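Chains as they are written, first to last, in our numbering: chain A, -12 to 100; chain B, 1388 to 1500. Everything on this sheet refers to the single structure shown next.
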């Protein structure tokens, strides 16, 4: 089992640029989550998919953020345009369903200059 | 709104001793799920233990056990025989039956030699 795979591990870009974070969940998992972690705000749930359908996106901070899950094995989180305050570690996690334990990826450390 | 409170931002314990991390939550539901996750300095989030609210028996996982007090809405984590590798940020999480989930702010535990 390869676990949840996120790419890239690190991303440094200038403000105004588009950023795309990628996630491959564990095969057979039906739920996928995107989180943002900062020192100030802790761990925040951004969006949750079940069977590729967004169920709860109330945590998405603003319209600059969008997430898609075109199939069961791939999801993206996009920020356009990016701002320095978007700098954080972004985690993707998957689970069999939302009531089961989540398996987290290693995260993407995003720095917006 | 659903809330999870971890009242101890930081704790420390001597190696081989026992430590208890507190977590309280606020829900009006009778069926929900509670989790403890740990995040060591390596950054990856790892499940520690899971508790289903309808089960009265406290969950245990080797040196980790919980004290689940449903009426008090309390879900504390006890770590016995603390090891240096237990040094991590510990997060408490509550998942409701409608799949809404909330993480606490975390407790940074340091195990001293």
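C-beta: ideal position from N, C-alpha, C; glycine also. Source: prediction; values computed, not measured.
- For residue 37 (chain A), the uninterrupted beta strand (DSSP E) segment begins and ends at 29 to 37.
- Collapsing the DSSP output to three states places residue 51 (chain A) in coil.
- Look at residue 57 (chain A) here: in three-state DSSP terms it is strand.
- Counting the other CB atoms within 10 Å of its CB gives residue 1483 (chain B) a total of 16 or more, which places it among the buried residues.
- Per DSSP, residue 69 (chain A) lies in no beta strand (DSSP E) segment and is marked neither H nor E.
- Measuring C-alpha to C-alpha distances from residue 1446 (chain B) to each of B:1432, B:1421 and B:1460 identifies B:1421 as the nearest.
- CA-to-CA, the gap between residue 14 (chain A) and residue 74 (chain A) works out to about 29 angstroms.
- Distance between residue 44 (chain A) and residue 1485 (chain B), taken at the CA atoms: about 14 angstroms.
- Nearest to residue 3 (chain A) by C-alpha distance, out of A:89, A:-11, A:72 and A:67, is A:67.
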